[in-house]
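Each remark here refers to the structure printed beneath this line.
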Amino acid sequence: MTIEQRIQELREELRQHNHNYYVLDNAIISDYDFDIKLKELEKLEVENPQFFDANSPTQRVGGEITKNFETVTHKNRMYSLDNSYSKEDLLDWEKRIQKMLGTDQIEYTCELKYDGASINLTYEKGQFVKAVTRGDGFQGDEVTTNIRTIKSIPLIPNGDFVSDFEMRGEIILPLEGFNKMNEERVTNGEEAYRNPRNTASGSLKLQDSAEVAKRPLDCLLYQVVTDERKYKTHFESLEAARKVGFKVPKTIVLAKSIDEVFDFVNHWDEKRHDLPYETDGVVIKVNNLQQQEELGYTAKAPRWAMAYKFKAEQVSTVLNEITYQVGRTGAITPVANLEPVQLAGTIVKRASLHNADQIEKLDIRESDTVFVEKGGEIIPKIIKVDLTKRPADSQPTIYATHCPECNTALIRTEGDAKHYCPNEFGCAPQITGRIQHFISRKAMDIDGLGGETVDLLRKEGLIQNYADLYDLKIEQVIPLERMAEKSAQNMVAGIEKSKEIPFEKVLFALGIRFVGETVAKKLAKNFKSIDNLMMADFETLVAVDEIGDRIAQSIIDFSNDLGNIQLIDRLKSYGVQLEVSAESLEGQTDKLEGEIFVVSGVFHQMTRNELKKSIEDNGGKVSSSISKKTTYIVAGDNMGPSKLEKAQKLEISIISEQDFIEMIS
Ligand code: AMP
Ligand code: ZN
Numbered sequence: 063m064t065i066e067q068r069i070q071e072l073r074e075e076l077r078q079h080n081h082n083y084y085v086l087d088n089a090i091i092s093d094y095d096f097d098i099k100l101k102e103l104e105k106l107e108v109e110n111p112q113f114f115d116a117n118s119p120t121q122r123v124g125g126e127i128t129k130n131f132e133t134v135t136h137k138n139r140m141y142s143l144d145n146s147y148s149k150e151d152l153l154d155w156e157k158r159i160q161k162m163l164g165t166d167q168i169e170y171t172c173e174l175k176y177d178g179a180s181i182n183l184t185y186e187k188g189q190f191v192k193a194v195t196r197g198d199g200f201q202g203d204e205v206t207t208n209i210r211t212i213k214s215i216p217l218i219p220n221g222d223f224v225s226d227f228e229m230r231g232e233i234i235l236p237l238e239g240f241n242k243m244n245e246e247r248v249t250n251g252e253e254a255y256r257n258p259r260n261t262a263s264g265s266l267k268l269q270d271s272a273e274v275a276k277r278p279l280d281c282l283l284y285q286v287v288t289d290e291r292k293y294k295t296h297f298e299s300l301e302a303a304r305k306v307g308f309k310v311p312k313t314i315v316l317a318k319s320i321d322e323v324f325d326f327v328n329h330w331d332e333k334r335h336d337l338p339y340e341t342d343g344v345v346i347k348v349n350n351l352q353q354q355e356e357l358g359y360t361a362k363a364p365r366w367a368m369a370y371k372f373k374a375e376q377v378s379t380v381l382n383e384i385t386y387q388v389g390r391t392g393a394i395t396p397v398a399n400l401e402p403v404q405l406a407g408t409i410v411k412r413a414s415l416h417n418a419d420q421i422e423k424l425d426i427r428e429s430d431t432v433f434v435e436k437g438g439e440i441i442p443k444i445i446k447v448d449l450t451k452r453p454a455d456s457q458p459t460i461y462a463t464h465c466p467e468c469n470t471a472l473i474r475t476e477g478d479a480k481h482y483c484p485n486e487f488g489c490a491p492q493i494t495g496r497i498q499h500f501i502s503r504k505a506m507d508i509d510g511l512g513g514e515t516v517d518l519l520r521k522e523g524l525i526q527n528y529a530d531l532y533d534l535k536i537e538q539v540i541p542l543e544r545m546a547e548k549s550a551q552n553m554v555a556g557i558e559k560s561k562e563i564p565f566e567k568v569l570f571a572l573g574i575r576f577v578g579e580t581v582a583k584k585l586a587k588n589f590k591s592i593d594n595l596m597m598a599d600f601e602t603l604v605a606v607d608e609i610g611d612r613i614a615q616s617i618i619d620f621s622n623d624l625g626n627i628q629l630i631d632r633l634k635s636y637g638v639q640l641e642v643s644a645e646s647l648e649g650q651t652d653k654l655e656g657e658i659f660v661v662s663g664v665f666h667q668m669t670r671n672e673l674k675k676s677i678e679d680n681g682g683k684v685s686s687s688i689s690k691k692t693t694y695i696v697a698g699d700n701m702g703p704s705k706l707e708k709a710q711k712l713e714i715s716i717i718s719e720q721d722f723i724e725m726i727s
């Protein structure tokens, strides 16, 4: 046997043992024998560096240090999940998707919702190449080196499977390992970690991968993403993934009807505390992959999946004080400062009170004993007051009348639940908040400038608004505390680079109230430049699809403000993109103006998403279900029979992919 063959043999053997031990929980050799083989392999690899392989079992002990985790764009967006809290919610969902698919023959996969940190593992030619966190769903941080140390993740899946794919899963810290870590910390006089989820997610960002290797992390997989059409159902793809080495929990089941889904939910609502890891609900997915494709996605989540959240845990504690926070738009949020209490694995000290109405409705007062619940949000909420424990001298809460930061009298316009501090340009958290929003990832994405630095620059009087950023000079920044020359250069370079950010993101960055990411995209597409947008009147604005009165009024208020007009003029003079670039207009026509398309089936020359984009680029609209308003159906292979029937009944033109391509060319 050659040295290379021996190396391959040892790698293969050790891989198998890792799988037996970490995935199947069924070791067939002793730790000692495993170590002997690993040592032999290590020695051979050191002596023969030409056979190095990043996916060798020897590489799983870590040791590499990552200083900066690189931001990587996901090939396929990592969506969030829609939530449901009751059986009625689930029945509504079923009705919706039955209608869209035009059938009541829908099968579901039921899974637990593993509570950890989501991860996307990329494999090329059957080999692990990189791991990226979910981040904001569009891009995340590359944590490949750290992920490699998690031994239940196969680096080279073994057996019949697709070859280029992504595996989606959850990095978790099983309870036993978590508790052991904490016992050790307490013995060493360190503070215990609060909960497994945050600890798992924090572990991924440790700089020293050897430190990660020591933590008992695990990875539970729940989705195969691939362009290869090898599997017809989600369940089948997961079973195949399990066979080639991925840890796909055995708890997944197939449900033939929503009633069987309820059985699954009921079972785990009760039994989830017996699991070796934490869960916060179940996830129900349409099993048939073609049906999944038909259903597609909303702006934030797949239509083919639904999370069902188990009822949240509640505790009672004393509310010590109500304080007020000022957001970047000047909105005031009352905060309940609580006597610290343990709830669903974390220690809770604060809860949001939303607004004045909420306080009044629940009659919440300082010194009250209140019930606190942890729902989906990170910040828990107060459910009700325990009136039996109210002190005799209790006084009703008088809501703040002045801004806690700048002492300006608060205002509240009719129909608005929130109070606002109107001192837009003079109130510190508003100034800082607006600039922080401006530089954030989904907005101007300015590298080298963080939220704290913004606050520092403001305190030093160097910036008052986002336009001031573009006037910053390296020499002004270097003298600041904690600011090295290199970081100052990075910051100024990052600001310079933001001049390339496309208009739709700039529009979002401006922080116009109610103009979020999606609305900004819509507006950019319709108005094409900030000048057109700021000159538009109310009627023109509300005529745009999905732009309502509230958004329109807010844009008009923004446009009429002299301060804003000056800011925009300055941004223009610096060269920030305030109109849609010629490049992005390329390929856009209004050939399909007024047409409403439904897309159904499997396509060959373009993907379904390319097809939809092409419809929109040419001025058409895409709708997800057939109605009287539909003008065309683009039908691929295997269009659902009931859809076909409906289309015929309504006499809607059905065209092929080829017809469509001719239509726009
Ligand atoms: P949310 O963060 O509440 O929007 O829920 C979406 C997240 O749930 C995903 O990013 C996953 O990380 C996580 N998740 C946990 N278990 C599952 C599962 N079985 N299927 C899909 N997502 C899951
Ligand atoms: Zn203020």
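Basically our numbering = 1-based index in the sequence shown + 62.
Think of the CB as a built atom: it goes at the ideal place given N, C-alpha and C, for glycine as much as any other residue.
- Those residues having their beta-carbon less than 5 Å away from any non-hydrogen atom of the ligand AMP are, in chain order, Ser142, Leu143, Glu173, Lys175, Tyr176, Ser180, Glu232, Tyr284, Val345.
- The beta carbon of Val205 sits no closer than 7 Å to any heavy atom of the ligand ZN.
- Between the beta-carbon of Gln376 and that of Glu435 there is about 5 Å, and that keeps the pair under the 8 Å contact cut.
- With a cut-off of 8 Å on Cβ pairs, the segment 585-594 is in contact with the segment 562-574, counting three or more such pairs.
- Residue environment: Leu647 is assigned as exposed (fewer than 16 neighbouring CB atoms within 10 Å of its CB, all protein chains considered).
- Exclusion of the five residues before and after Ala89 leaves Asn82, Tyr83 as the residues of its chain whose Cβ lies within less than 6 Å of its Cβ.
- Here DSSP, grouped into helix, strand and coil, assigns Gly495 to helix.
- For the pair Lys423 and Leu400, the Cα-to-Cα distance works out to about 19 Å.
- Annotated as proximal: Tyr482 and Ile394, with beta-carbon spacing under 8 Å.
- With fewer than 16 other CB atoms across the displayed protein chains lying within 10 angstroms of its CB, Pro402 is exposed.
- Contact annotation: Leu640 and Ala529 have beta-carbon atoms that are not nearer than 8 Å.
- Here the segment 361-374 makes contact with the segment 153-164; the two share three or more CB pairs at distances below 8 Å.
- A Cβ-Cβ contact shorter than 8 Å links Glu169 with Lys318.
- Here the alpha carbon of Gly264 sits roughly 21 Å from the alpha carbon of Thr135.
- In this chain, Pro703 is not harboured by any beta strand (DSSP E); it is covered by the alpha helix (DSSP H) spanning 703-711.
- Annotated as proximal: Glu428 and Ile384, with beta-carbon spacing under 8 Å.
- Counting only runs of at least 3 residues, the segment 269-319 fully encloses the following beta strand (DSSP E) elements, listed from N- to C-terminal order: 280-287, 315-317.
- Under the three-state reduction of DSSP, Pro111 is assigned to helix.
- Contact between Ser662 and Lys705 holds, since their C-beta atoms are separated by about 5 Å, short of 8 Å.
- One alpha carbon belongs to Ala605, the other to Pro236, and they sit about 53 Å apart.
- By the 16-neighbour rule on beta-carbons within 10 angstroms, Ile508 is buried.
- Sequence-distant Cβ neighbours of Asp448 in its own chain, meaning closer than 8 Å and more than five residues away, are Ser378, Asp430, Thr431, Val432, Phe433.
- Proximity of the beta carbon of Val388 to the ligand ZN is indicated: a heavy atom of the ligand is located closer than 7 Å.
- Looking at the DSSP output, Pro258 bridges to nothing.
- According to the DSSP secondary-structure assignment, Arg412 is paired through a beta bridge with Asn399.
- Burial is judged here by how many other beta carbons sit within 10 angstroms of a residue's own beta carbon; Lys347 has at least 16 and is buried.
- At a cut-off of 7 Å, the beta-carbon of Asn527 does not count as near the ligand ZN: no heavy atom of the ligand is closer than that.
- Bounds of the alpha helix (DSSP H) holding Glu719 are 719-726.
- Contact between Ala303 and Val123 does not hold, since their C-beta atoms are separated by about 25 Å, which reaches or exceeds 8 Å.
- Between Phe665 and Lys683, the CB-CB gap reaches or exceeds 8 Å.
- Secondary structure at Gln639: coil, using DSSP grouped into helix, strand and coil.
- When distances are taken from the beta-carbon of Asn594 to the heavy atoms of the ligand ZN, even the shortest one reaches 7 Å or more.
- Not one heavy atom of the ligand ZN falls within 7 Å of the beta-carbon of Thr391.
- Between the ligand ZN and the CB of Thr171, the shortest heavy atom gap is not smaller than 7 Å.
- The beta carbon of Thr470 sits closer than 7 Å to at least one heavy atom of the ligand ZN.
- Per the coordinates, the alpha-carbon of Gln67 lies some 29 Å from the alpha-carbon of Ala193.
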